[in-house]
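Residue numbers (my numbering): 99 to 507. For reference, the structure is listed below as structure tokens.
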Amino acid sequence: MQLRYSFRVYPSAGQRSALARAFGCARVVFNDALRVREEARAAGLPFVTSAELSKHLTAVKKTPERAWLGEVSAVILQQSLRDLDTAYRNFFDGLKGKRPRMGAPRLKSKRDNRQSIRFTANAAWRITPGGKLRLPKIGDLKVKWSRTLPSTPTTVTVFRDAAGRYFASFVVETDASEVLPETTPEVGIDLGLGHFAVLSDGTKADSPRFLRRAEKRLKKTQRALSRTEKGSRNRNKARLKVARAHARVADARREFHHQLSTRIIRENQAVAVEDLAVKGLARTRLAKSVHDAGWSAFVTMLEYKSARYGRTFVKIGRFEPTSQVCSRCGVKDGPKPLNVREWTCKECGAVLDRDINAAVNVAKAAGLAVSACGAQVRPGLVPAPRSEAGTHPKRPTQPVWEQAGIPGL
Numbered sequence: 099m100q101l102r103y104s105f106r107v108y109p110s111a112g113q114r115s116a117l118a119r120a121f122g123c124a125r126v127v128f129n130d131a132l133r134v135r136e137e138a139r140a141a142g143l144p145f146v147t148s149a150e151l152s153k154h155l156t157a158v159k160k161t162p163e164r165a166w167l168g169e170v171s172a173v174i175l176q177q178s179l180r181d182l183d184t185a186y187r188n189f190f191d192g193l194k195g196k197r198p199r200m201g202a203p204r205l206k207s208k209r210d211n212r213q214s215i216r217f218t219a220n221a222a223w224r225i226t227p228g229g230k231l232r233l234p235k236i237g238d239l240k241v242k243w244s245r246t247l248p249s250t251p252t253t254v255t256v257f258r259d260a261a262g263r264y265f266a267s268f269v270v271e272t273d274a275s276e277v278l279p280e281t282t283p284e285v286g287i288d289l290g291l292g293h294f295a296v297l298s299d300g301t302k303a304d305s306p307r308f309l310r311r312a313e314k315r316l317k318k319t320q321r322a323l324s325r326t327e328k329g330s331r332n333r334n335k336a337r338l339k340v341a342r343a344h345a346r347v348a349d350a351r352r353e354f355h356h357q358l359s360t361r362i363i364r365e366n367q368a369v370a371v372e373d374l375a376v377k378g379l380a381r382t383r384l385a386k387s388v389h390d391a392g393w394s395a396f397v398t399m400l401e402y403k404s405a406r407y408g409r410t411f412v413k414i415g416r417f418e419p420t421s422q423v424c425s426r427c428g429v430k431d432g433p434k435p436l437n438v439r440e441w442t443c444k445e446c447g448a449v450l451d452r453d454i455n456a457a458v459n460v461a462k463a464a465g466l467a468v469s470a471c472g473a474q475v476r477p478g479l480v481p482a483p484r485s486e487a488g489t490h491p492k493r494p495t496q497p498v499w500e501q502a503g504i505p506g507l
């Protein structure tokens, strides 16, 4: 399977200018190709193929108006055309029902939060013996390596985020040697807002609420941004402060997701979760809390880590009455208000915790053999590697799992 490893890079002033030039050239090629296809569609002409777009790019580079496209590597320009093909393919697959629907490709802007370029093996990029990333027509970039790559990368993507940070993202191929030894526990997970995740064995992980905890700092930086004049240098500085504050929140949330998902995958042979309607919940009064939790990103991590380490991952339907059925006797006694966190089953007399009962029912609905006793399972001490391995200049003194109230680590 393919994995992506991301590392922080620190380009010099000249290299930042070269990267900005490469970002701009890739963006112009994407927009020009999109206009060609849209003009052909408006004129009733056949769909312009990728080969025709590539020939058009070669001819345009010889004109005086676009001669500066030759200042960057030709590979990133061709990859920009591939990105346009992917955007169209995803759009058409959404219309056919093969994937969730998405909008048609749009023009890119130089003010987009994320600018990126991609190099394949044809670009002859490489990692130098000194540990630097050598890119054609850009130079040797200083990389902060947080781990070793498991194999030789096939492509590298260099991107800049809204906070002005630069990253190099490598795509590597991994084999089945990382399959973990088989274990017996099977677990169901109930995701929520009061507790981020409740396992069917009774373990509860508190929601760190990273965005809520950082609201005071975010309000201060946003207020300073609103007081600056548009187009001024001070406004750009204030914008970077806002972006960096949000980046710290996103990084902390991502690290928490990685640590918790890795721990669950290492300790359980099978994992079951509920397919939540996140988009629907994000349109309610709980929108901020739902986005702060990041359920979709967490479930995605569980899914690909299960495939990577040889575990079983099951996702049940969102309409399963997991909170209405007694996990002991199976009697369905109807929906309950959210303020009811514990109740007694009228049929068997069992005292049920709402979240643990739902987690057990999630596991049962997925066909997993779990115990409904709610007993704690003593977890072992395991590292939590990140598949998207970023680097942070400052680490919190208290581990994230302790901040979240996860026992046993």
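Built from N, CA and C at the ideal position, the CB exists for glycine as well. No experiment lies behind these values; they were computed from the predicted model shown.
- Item | Which listed residue (G428, K434, R135 and C123) has its alpha carbon closest to that of E169 | Ranking the options by Cα distance to E169, first place goes to C123.
- Are the beta-carbon atoms of L233 and W223 separated by less than 8 angstroms? Inclusion of L233 and W223 in the CB contact set at 8 angstroms is warranted, their separation being smaller than that value.
- Message: Quick check on the burial criterion: 16 or more other C-beta atoms within 10 angstroms. Buried or exposed for K462?
- Response: By the neighbour-count definition (other C-beta atoms within 10 Å, threshold 16), K462 is a buried residue.
- Which partner residues of L231 appear in the DSSP bridge assignment? The secondary-structure analysis by DSSP pairs L231 across a beta bridge with I225 and L239.
- Message: Would K403 and S359 qualify as a contact pair, given that the criterion is a beta-carbon distance under 8 angstroms?
- Response: S359 sits close to K403, with the two beta carbons spaced by under 8 angstroms.
- Item | Run of the beta strand (DSSP E) containing E136, from where it starts to where it stops | For E136, no beta strand (DSSP E) segment is defined; the enclosing uninterrupted segment is the alpha helix (DSSP H) at A111 to A140.
- Message: Does the segment 361-370 come into contact with the segment 279-295, if we say contact requires no fewer than three beta-carbon pairs (one atom in each stretch) closer than 8 angstroms?
- Response: Touching, per the Cβ criterion.
- Item | Outcome for K302 when other beta-carbon atoms lying within 10 angstroms are tallied against a minimum of 16 | When all chains shown are included, K302 counts as buried.
- Message: Nearest by alpha-carbon distance to L289: which of V376, I215, K444 and W441 is it?
- Response: Ranked by Cα distance from L289, the options V376, I215, K444 and W441 are led by V376.
- Query: Of the residues L466, G428 and H389, which one's Cα is nearest the Cα of P306?
  - Reply: Selected option, being the one with the closest Cα: H389.
- Message: Need the endpoints of the alpha helix (DSSP H) that L379 sits in, please.
- Response: For L379, the enclosing alpha helix (DSSP H) stretches over residues V376 to L379.
- Query: Going along the chain, which residues of its own chain have a beta-carbon closer than 8 angstroms to the beta-carbon of A219, five neighbours each way excluded?
  - Reply: Same-chain partners within the cutoff: T252 and T253.
- Message: With H, G and I counted as helix, E and B as strand and the rest as coil, what does DSSP make of A261?
- Response: Note: A261 maps to coil in three-state DSSP.
- Task: Please confirm if the segment 434-452 is in contact with the segment 399-415, defined as three or more CB-CB distances below 8 angstroms between the two stretches.
- Result: Result no; under three Cβ-Cβ pairs closer than 8 angstroms.
- Message: Given this structure, state the Cα-to-Cα distance separating R216 from I174, to the nearest angstrom.
- Response: In this model, R216 and I174 are separated by some 6 angstroms (Cα to Cα).
- Helix, strand or coil at K318 [DSSP, three-state]: In the structure shown, K318 sits in a helix (DSSP, three-state: H, G or I).
- Measuring CB to CB, does F105 end up less than 8 angstroms from S244? In this structure, S244 lies closer than 8 angstroms to F105 by Cβ.
- What residue from E372, I454 and S171 has the CA that sits closest to R416's CA? Taking only the C-alpha atoms, the option nearest R416 is E372.
- Item | Beta-carbon contacts of L205 that lie in its chain and below 7 angstroms, excluding the five residues immediately before and after | For L205, where only same-chain residues beyond five positions count, the Cβ hits under 7 angstroms are N129 and L132.
- Message: Going by beta-carbon coordinates alone, are L323 and R337 separated by less than 8 angstroms?
- Response: Yes, the Cβ-Cβ distance between L323 and R337 is below 8 angstroms.
- Query: Would the beta-carbon of V269 fall within 8 angstroms of that of R381?
  - Reply: For V269 and R381, no; Cβs fall outside 8 angstroms.
- Message: DSSP three-state label for T301, please.
- Response: In this structure, T301 counts as coil in the three-state DSSP scheme.
- Query: Are A118 and S171 close, meaning C-beta to C-beta below 8 angstroms?
  - Reply: Contact: no.
- Query: Which term fits M99, buried or exposed, when burial requires 16 or more other beta carbons within 10 angstroms of its beta carbon?
  - Reply: By the 10 Å Cβ count, M99 comes out exposed.
- Query: Rounded to a whole number of angstroms, what is the C-alpha to C-alpha distance between T164 and W393?
  - Reply: The identity of residue 164 in the sequence shown is Arg, whereas the question assumes Thr. Counting only the Cα atoms, W393 lies some 45 angstroms from R164.
- Task: Within the same chain, show all residues whose beta-carbon is closer than 8 angstroms to that of L247, passing over the 5 residues directly before and after it, in chain order.
- Result: Contacts found: Y103, F268 and V270.
- Message: Considering Cα atoms alone, identify which of K194, A348 and T281 is closest to L309.
- Response: Among K194, A348 and T281, the Cα nearest to that of L309 belongs to A348.
- Euclidean distance between Cα positions of A138 and P144: Rounded to whole angstroms, A138 and P144 show a C-alpha spacing of 7 angstroms.
- Helix, strand or coil for D373, going by three-state DSSP, please let me know. Looking at D373 - three-state DSSP - the assignment turns out to be coil, as it is neither helix nor strand.
- Continuous alpha helix (DSSP H) stretch holding E327: start and end: Membership of E327 in any alpha helix (DSSP H) is not indicated, and neither H nor E is assigned to it by DSSP.
- Message: For V423 and L379, what's the separation of their Cα atoms in angstroms?
- Response: One C-alpha to the other measures close to 22 angstroms.
- Message: At 3 residues or longer, what runs of the beta strand (DSSP E) sit wholly inside the segment 399-445?
- Response: Listed in chain order, the complete beta strand (DSSP E) runs (minimum 3 residues) inside the segment 399-445 are 410-414 and 440-442.
- Query: In its own chain, which residues sit with a C-beta less than 8 angstroms from the C-beta of G432, not counting the 5 before and 5 after it?
  - Reply: Scanning its chain for C-beta atoms nearer than 8 angstroms, with the 5 sequence neighbours on each side dropped, one finds around G432 the residues Q422, in chain order.
- DSSP puts D451 in a beta bridge; with which residues? Bridge pairing for D451: E440 [DSSP].
- Query: Should L155 go down as buried or exposed, given a rule of 16 or more other Cβ atoms within 10 Å for buried?
  - Reply: Around the beta carbon of L155, 16 or more other beta carbons lie within 10 angstroms, which makes this residue buried.
- Task: Taking L182 as the reference, give the member of G195, V146, R197 and D210 with the closest Cα.
- Result: The residue among G195, V146, R197 and D210 with its C-alpha nearest the C-alpha of L182 is V146.
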